[in-house]
Structure formats: structure tokens, C-alpha cells
Amino acid sequence: MSTSEYSPSEVEAKWQARWIAERTNEPDLDRAARPYYNLMMFPYPSAEGLHVGNLFAFTGADVFGRFRRMQGWNVFEPIGFDAFGIHSENFALKVGMHPADLIPRNIENFTRQLRSMGGMYAWEHAFSTTDPEYYRWTQWVFLQLFKRGLAYQKNGAVNWCPGCKTVLSNEQVIAGECERCGSPVEQRVLEQWYFRITDYAARLLANLDDPAKMDWSASTTLAQKNWIGRSEGAELSFAAAGGDTVVTVYTTRPDTVFGATFLVLAPEHPLVDALTTDPHRAAVAAYRAQAAAKDLTARRIGDREKSGVATGGMAINPATGEPVPVWIADYVLMEYGTGAIMAVPGHDERDFAFATTHALPIVRVVAPVGDAEPAPLTEAFTDLGTARMVNSAQFDGMPADEAKQAITNWLEGEGAAEAKVQFRLYDWCISRQRYWGPPIPIIHCDDCGAVPVPEDQLPVLLPRIEDFRPDDSGVSPLARHAEWYFVDCPECGRKARRETDVSDTFLDSAWYFLRYPCTDMHDRPFDRARLDRWMPVARYIGGNEHAVLHLLYARFITMVLHDAGLVGTEEPFREFRAHGLIIKDGAKMSKSRGNVVNPDEYITKWGADTFRTYLMFLGPFQEGGDFRDAGISGPRRYLDKVWDMVTTAADPDCRDAEIRRDVMVKWNQTIKKVTEAVEGLHYNTAIAAQMELVGLLREQQCAEHGIVTDLVKMIAPFAPHFAEECWERLGHRSSVFDASWPTWDEALTVDDVLTVAVQVNGRTRATVTLARDASEDDARNAAMADASVARHLADREIRKVIWVPGRMLSFVVT
RNA sequence: GCUCGGGUGGCGAAAUGGCAGACGCAGGGGACUUAAAAUCCCCAGGGGGCAACCCCAUGCGGGUUCGAUUCCCGCCCCGAGCACCA
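Rendered as C-alpha cells:
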């Protein structure tokens, strides 16, 4: 290989081969002294290959892993493929291939691309979620939840996409349409499998605020909190007039109970029949039918007209003792709270709109302090802060936030209230009526019910069938295959049927990080002792599009396995950092916009190291950046300069020269700045700082061996092949990633002369050069001696002088 | 509608109370070359001035401060997420 010309293709091929041959990136999982689990979200291997957005995320995570490794950690950086699911299946249908043929091909292409970018991956631990050796244990995870009563079946109204012919989660429905194919979504009732994640709501929420367990990007933590949606309030009882039926409502504003002028039940509420009087029966039945026909999404986010009908029934307000009418309306959701509300139109916007539409009474019970004669309401008054109670009997005059507690206590004494914490989170539906996923390991027997497949009979292999296209029946294509469908019941031996739903891909990805360190084990999914060394994941880097679902499900599954004594840690990810998005032409990269950039051509043209450095340089990693290929020549020129500098530094005829003080200072400053910037994921400024150092070295014509050595180390996380080659040319035999990260001398990060700005009335008028330890008087004398400063101070009286040591001197004059 | 980000040169960006625009791209001028590429040097927010210098400038408007891109209040625009959660 030429020593004078930098040839990325040669350098990269050489080091990629050597890393594999020497197992450079395969830590000893059982004996690592300082284990550091560096995880990135594994990709879905699409037919299009990795795009620049993927590469940006993976490179950013890899830079951090390499940095930690040079700081002396034993870094485990695995990679794999999340290859089950509707994406793969729909694409296979579209191109007329079988996913079992398509996916290996895609994985091969992804593997090639991931190798070419030079990630520090422990390839010996790679897997695909579609490997039977993996999904065997995904099924096992299902059984652990089943055993603990956390997996159950229920009939539920679900979103049905007639295009994809499958159930969609609420978050896959965008404005009433399928997020994937755009078909209008319908409502269907199906029996499905759910995980009881709501049992864990309080713990999942509490841990978010426990710094001993979690240190996550603030935006991600916040998204999870909002998703779990804890609220505090009370359940209040309204006795139906003239009967023993009691309607229980949930409210977060028990202070407003005196203003509750009617009740609203969800149309599906079980008490509707009992409360409806004969004259209203027909209207109620019609309204319920209409609500049932609406798909869930239209009902959730459709027009905001507050429709509803009266039942004719009345209930007694427990605070006022007055009868109030009971209505039904589809703005009240059966899934949340008790499926019934007390409507307080004076202090809730939705109730106000409803009362206005249906001419129901509005009573004000909270008013701002200072409103002597509370004005009639023209809109709901929802402020709580400084408000006080009115029209509320013995509570009048009390601050509203105090009244919340006081009224709950009072009604509790009357047996009509109970304080209650409510969560917005709902149970996780894991059923998919599709083909391309792990079959749910359950056998349905007419005598024994839902029987788990014995663990020693796992995996329940997904059979290769050619007619995997879903139909309109709402049943998985697997049901059409009798030889697979009918089995003997594991308990009684009689003829039984397999569960034909497959599980959600989010289940595959809810535990994959537990499998990575244990892929060599074939008799168990993972090993407690080995996981105790590596878990929790030290740092997880991924996109904020998974802030809620994936990250919450992974936390939930880990928590369940922890409770079962199978995993030592309750929280899987010690640190999580969300990366930004790569924008092109002002928009997120996507196929539909036609602005997707294929990284291959850039790697071929510029080299992976240049491309990596460019991606990390174009903007702050946690915010993303704007991709434009014009900028890539900068990082390449930078590497070329370093290459030349290494050539000089490696020359034995090039004697180490005395290092000038300012170079010494810049060297130490750069190490400090780069170290701190990489630590904070400010990769763009870390690279900028290195460039500054290179600029100064070139200006001084200095290629001192020690400085160049440190520079190569600092480049290494960004341009790993390049750095290995430079390292070798500097005379080293082992990997640069086994060298230690450079350190700096704090005393040498400050120059012995400083430039200090001089301001007069807040405007900079001059700069003066001072010794590092100059006093205020020194600065003042130097400043007064400056002609410009003197002019601005002439004929003025100095009222005040502010001295910021080493930075600036400010005169305040008349 | 609510929540969270963000708005700085021609462009990507930096600076989180102290010289706004580091670093890089694109641009202009020069050197080298028969020429070009590559490389190197210089210039480069806007305006005024021969110049020393001066004024304006970080989405808009106010405020705090000796000093504000940074902190506070109000508004506008862009992006992302959530969506009748009682």
C-alpha cells in the first residue's frame, strides 16, 4: 500500500477484514472487567437498504461506543435485524415474493452496508427476529406473561384496515386512515390477546423520575409520562332517582360537583338500558347503533360536534341533592375512567359545548378572586390557580384547589366518593391476524380452554405457506392450513386448534437486548449471570419515534422478567439518548417525497470515514441536520491534511521540535474540548475543535509526533479505518481502539497572555492583551492607555467598573 | 386545540449572561501551472467613511442588566408528537 496517498477503499477493506480476523470487536462476555453495553435500535431490513438517516443514527451510536472503549471500557456493541411484521409482509405481497426468501436477501444487503460503514459490531452475536432460534424465545416470553396472568384474551372493538386486512393500533391510525396504505379505517369486534401493561402503569411512571434507574433524554421521558397519563381525582356516586342503580363517575375536579347539572354515559355503558325510560328508548337505541357503526378513530378525532341523546333517566347529585338528567354521548369513552362523567358545563369546555347545544343548565361554582358579582359564563372557566368557590353551600369562599380535597373528604363521609388515581395507558394488544410473525404459542381445546404450548415444544414454527395473503375474514391465513391448525391438546390429548394470531413485532423488539449477549446459548433465552454483568444497557441511542411504544414495551417486559426473577434489573436502559433526524430539501427523508439518499454511492466515492465524519459534522447529533452533498468535501480535505501530517510525523528524519507555548495550549484545549463534546454528543463541535488544531499546526508547520498521535486518537471514533491506518503508520502494532484516550493538563489549557475586551457602557471599544494573572488595576491601566477607550471615556465620569477576570473589563460612565 | 423542540450570514452551523457568526460548504481575489484540476495564501453579515473608526444586525414587540442570541413577559412563523383522558 502506498504510504503517500490516502486511498479510502484500500484502507477500509484492509481494516474491516482485520477486525473480523482478529475478533477486535468481540469482547469476552463472561470476563469483561469494565463492561459497557452500547446499544442502538436494530433496523428493519427493508428492500431499499439502509438510508442516510439510518447511517446517521448508527454512526452516532458507534462513535460513542468507540470513545468509551478508548476510555478503557469493554464495549459490547451488537447489531441485529427486526425482520418480522407487516412491512416485510406487505412488501413481499407487492413484489410477489415470499417473505422467507425476501428477508434473507435484505439482511445480506444490510449486513454488507453496515460492514462498509465500519461499525464496531460484535457480528458473532447478530441475529434476525425471524430466526426460529430467536422467536422460539419470543414465544417463551409470551408464556412467561401467560403464566403470570399478564396475557389474556378479550373481545374488543378494534381498528380494522380493509386495505391491509389487519388490526391497527390507535397510533397506526392517522386522521381516520391507515398510516400504511391510507384506507379509511373501520371498527370491528375481534377476540385478541392483550398484555396487562396497565398493572405496571404506576411503576413504569415512577421509575422515570428515579435517577438511580434511568437517565433519559428529557423529551423521551416526557412523552412516556404523557402516554401513561396519570391523573388524580375521585370516583363519585350518583344514585339513580327512584331505583337502586348507582352511576359512578370519575372526575379530576370534585370541587366542581355543585355545578354538575347532568350526567353523560358512554353509549356502550352497561347501565344505559336500566336508566332509559320508555319514551326515550327508540332514540337511545338509534344513537347507540350510530355510535357503534362509527370507527373508533372517527369517534375519537372526528368532528367535534357534541352529539348525544337524553335517556329520560335522572340521578341525584350527591352534593346538592338535586335530580339531574342522564344523557348518553359518544364524546364519553367507555375505555377511560368509569365510562361515565358528571358534566360540569361551567368548568369544562366539552361539557360547556354539550350543554349549549342541548340547552342544559350551566351553573358557575368557581370564580376568580375579586369577582364580587361573578359574571355569567360565556365559556367554560377552567382556571384553578387563584379561584374560589361560589354556589357551593358550606364550601363557598374556599380556594378551589383546597376544595378538591375538602369536597372529596366530605362526600367520602357520606359514602358517595372515593379518591382515585387514574391512568390513560391501556393494555397492549399483541394479536395480529397476519402471517409474518411468531405464532402465539397457545392451543385452544374445547375441554381445557386456552392451553400454553409446553416450553420444551417451542418453537411453534411458522410454516412456509404460499398463500399468505390475508383475507377479509379477520382470521390469520394460518387458519387455512389444516395440517398446521389442528393439533392434539397438550393437556387432554384430544383434538384441538392452534392459535392463529401471530404476535406484534413490538414483542420481538421488547426483549432483543437480552438475547444479544446470549446468542451462544441454545437451551435458554439468556443467562442471568451473564446479563448481570452487562445489564442494564449502559447507553441506548435511537429515534424519538419510538419514545412511547417500543421503549415502554421493552421496559414493561424487562420489569415482568425481573419480577419473575429471571433478569436482575428492573429497568433495561440506564441511559437513553434520542438522536435527531436528517433533513433533505427541507423535509424528512422518505420514499414518497423522493428525497432518500442512498449511502452506498457516497461511501464508494468518498470513503466511509469521510462520510461518517461528514454526517457527524453537519449538525448537532441530538437535533439532526440538513443533508447536502456539497459539504462533504470539507471533512475529506480535513482527513487528507491529517494524513499528510502523519506522513511527516512518522518520518524518522523529522526531529521533534520544541513545541511553542501557544501550540501546547491549543493541543491541551483541543483534547479537553473534544472529550467534553463527545461526552455530550456534540460531535459537530468536537470535529470543529480538531480542525482548529490542525489549522494551527499547519500554520506553525508543526507535525510533532505526540500531538499527531493524540490527534489520530481523537479522530478514531469518527474515522475508524483511517485512524487504524494512521496509527499503524505511526509505528503501532495493535489497534488504535486499544490505545487510551488522550488526557490534558488543565494548567496548559490557558494561555499566559489573554485578550480582554474593553467595554464602555456595554459596547466593546477595544481589546487589550494582558498577562494571564493580570489584576483589575493592570487591566484598567492597559485599557486607559488605549486611544479608542480614552476617547470614549473623555469628559465622562466613571461610575462603575466591572472586571470579569480574563474576559472583559467594562466601564459604566455618565 | 394541547405539549415539546426550533427560528442567527448565500448555506450547514457555533457561542447558554461577557469581543455574535468558531468550524465547514459555496463565493470572490491572488500564487503555482502552457492550461485546468488539486493544493496554498488573502477577502468575505449589512450600511457609511480615503482612513482611524462609526452605525445597524441573532423571527417581531416590550422588560431585567453595566452588558442579552442566551434570562423574563407578549406575539408571529416552522417542525415533531399527542389528540374529546373527564
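Under the working numbering, the letters of the first sequence match residues 3 to 816, in that order. Quick reminder that beta carbons are idealized off the backbone N, C-alpha and C, glycines included.
C-alpha distance - N111 paired with G51, whole-angstrom precision: Indexing the first sequence from 1 puts residue 111 at position 109. Indexing the first sequence from 1 puts residue 51 at position 49. Roughly 7 Å between the two C-alpha positions.
First through last residue of the beta strand (DSSP E) which encompasses K802: Counting from one through the first sequence, the residue named residue 802 turns up at place 800. In the DSSP assignment, K802 falls within the beta strand (DSSP E) that extends over 800-806.
Every unbroken alpha helix (DSSP H) inside the segment 612-691 [4 residues or more]: Within the segment 612-691, the complete alpha helix (DSSP H) runs of at least 4 residues are 635-652, 663-681.
Integer Cβ distance of I605 from S505, believed to fall under 8 Å: On the first sequence, position 603 is the one that residue 605 refers to. On the first sequence, position 503 is the one that residue 505 refers to. So it is not a contact: roughly 36 Å between Cβ atoms.
Pairwise C-alpha distance: L145 and S239: Along the first sequence, one-based indexing puts residue 239 at 237. Along the first sequence, one-based indexing puts residue 145 at 143. Spanning the two alpha carbons is a distance of roughly 40 Å.
D103 and Y46 closer than 9 Å at C-beta: Here residue 103 refers to the residue found at position 101 when the first sequence is read from its first residue. Here residue 46 refers to the residue found at position 44 when the first sequence is read from its first residue. In this structure, D103 lies away from Y46, with their beta-carbon atoms at least 9 Å apart.
Cβ shell of T388 (< 6 Å), same chain only, five flanking positions each side left out: For the purposes of this step, residue 388 is taken as the residue at position 386 of the first sequence. Within the same chain, and ignoring the five residues on either side of T388 in sequence, the residues whose Cβ sits closer than 6 Å to its Cβ are V371.
Buried versus exposed call for E79 [16 or more other C-beta atoms within 10 Å across all chains shown]: Translated into positions along the first sequence, residue 79 becomes position 77. Flag for E79 reads buried.
Inter-residue Cα distance where the pair is T253 and L427: As a position in the first sequence, residue 253 is number 251, starting the count at 1. As a position in the first sequence, residue 427 is number 425, starting the count at 1. The C-alpha of T253 lies about 17 Å from the C-alpha of L427.
DSSP state of D712 mapped onto helix, strand, coil: Residue 712 sits at position 710 when you count from the first residue of the first sequence. It is helical.
Contact between the segment 336-354 and the segment 258-269 (3+ Cβ pairs under 8 Å): Here the segment 336-354 lies against the segment 258-269, with 3 or more beta-carbon pairs under 8 Å apart.
Stretch-stretch touch, CB-based, cutoff 8 Å, three pairs: the segment 756-768 with the segment 671-683: No, because fewer than three Cβ pairs between the segment 756-768 and the segment 671-683 fall closer than 8 Å, the two stretches do not touch.
Range of the contiguous alpha helix (DSSP H) that encloses M72: In the first sequence, residue 72 corresponds to position 70, counting from 1. Per DSSP, the continuous alpha helix (DSSP H) segment holding M72 begins and ends at 54-72.
Residue(s) in a DSSP beta bridge with K308: Counting from one through the first sequence, the residue named residue 308 turns up at place 306. DSSP lists no partner for K308.
Residue burial classification, G304 (beta-carbon count within 10 angstroms, cutoff 16): Here the question's residue 304 lines up with position 302 in the first sequence. For G304, the predicted model reports a pLDDT of 48, less than 50, meaning its position is unreliable and no value from the coordinates is stated.
Beta-carbon proximity of D474 to K167, cut-off 9 Å: Residue mapping note: residue 474 aligns to position 472 of the first sequence, counting from 1. Residue mapping note: residue 167 aligns to position 165 of the first sequence, counting from 1. Yes, Cβ-Cβ distance for D474 and K167 is below 9 Å.
Sequence-distant residues of its chain with Cβ nearer than 6 Å to D631 (five each side left out): Working through the first sequence from its first residue, we reach residue 631 at position 629. Sequence-distant partners of D631 (beyond 5 residues in either direction) whose C-beta falls short of 6 Å from its own C-beta are missing from its chain.
Beta carbon of E14 nearer than 9 Å to that of G120: Reading the first sequence from its first residue, position 12 is the one you call residue 14. Reading the first sequence from its first residue, position 118 is the one you call residue 120. Contact: yes.
Proximity winner among A580, V644, M523, relative to M43 (alpha-carbon distances): On the first sequence, residue 43 is found 41 positions in, with the first residue counted as 1. For M43, the nearest C-alpha among the options comes from A580.
Contact the segment 721-739 vs the segment 640-653: 3+ CB pairs below 8 Å: These segments touch.
Which of helix, strand or coil DSSP assigns to V97: The residue given as residue 97 occupies position 95 in the first sequence. Three-state DSSP puts V97 in a helix.
Stretch pair the segment 542-556 + the segment 54-67: three plus CB contacts closer than 8 Å: Contact between the segment 542-556 and the segment 54-67 is established, with three or more Cβ pairs separated by less than 8 Å.
Local Cβ density within 10 Å of A225, reported as buried at 16 or more and exposed below that: Against the first sequence, residue 225 aligns to sequence position 223. Counting every other CB atom within 10 Å of its CB across the protein chains shown gives A225 a total of 16 or more, marking it as buried.
Proximity of F197 and I432 at Cβ, strictly below 9 Å: Taking the first residue of the first sequence as position 1, residue 197 is located at position 195. Taking the first residue of the first sequence as position 1, residue 432 is located at position 430. Yes; because the gap between Cβ atoms is below 9 Å, this pair is in contact.
Length-filtered (3 minimum) beta strand (DSSP E) runs lying within the segment 512-556: Counting only runs of 3 or more, we get 541-545.
Expected contact under 8 Å - CB spacing of V667 and T615 to nearest Å: Along the first sequence, one-based indexing puts residue 667 at 665. Along the first sequence, one-based indexing puts residue 615 at 613. Taking the Cβ atoms as the reference, V667 lies roughly 25 Å from T615, outside the contact range of under 8 Å.
Buried versus exposed call for I804 [16 or more other C-beta atoms within 10 Å across all chains shown]: Working through the first sequence from its first residue, we reach residue 804 at position 802. It is exposed - the Cβ of I804 has fewer than 16 other Cβ atoms within 10 Å.
Segment contact flag, the segment 311-322 with the segment 267-281, C-beta cutoff 8 Å, min 3 pairs: Yes, since at least three Cβ pairs between the segment 311-322 and the segment 267-281 fall closer than 8 Å, the two stretches touch.
8 Å Cβ shell around R466 - same chain, five flanking residues per side excluded: In the first sequence, counting from the first residue as 1, residue 466 sits at position 464. Within the same chain, R466 has close Cβ partners H100, A102.
Residue(s) in a DSSP beta bridge with Q155: The residue you call residue 155 lines up with position 153 of the first sequence. Paired residues: W195.
Q703 (DSSP reduced to helix, strand or coil): Here the question's residue 703 lines up with position 701 in the first sequence. Here Q703 sits in coil by DSSP.
Exposure label - A773; buried when at least 16 CB within 10 Å: As a working mapping, residue 773 is identified with position 771 in the first sequence. Exposed.
Cα-Cα separation, R436 to V97: Translated into the one-based positions of the first sequence, residue 436 becomes position 434. Translated into the one-based positions of the first sequence, residue 97 becomes position 95. Looking at the two C-alpha atoms, the distance is approximately 18 Å.
N-terminal and C-terminal residue of the alpha helix (DSSP H) that V13 is part of: Taking the first sequence and counting its residues from 1, the one referred to as residue 13 is at position 11. It spans 10-23 - the alpha helix (DSSP H) in which V13 sits, taken as one unbroken run.
Separation of Y640 from T771, as counted between CA atoms: Translated into the one-based positions of the first sequence, residue 771 becomes position 769. Translated into the one-based positions of the first sequence, residue 640 becomes position 638. The alpha-carbon atoms of T771 and Y640 are separated by roughly 32 Å.
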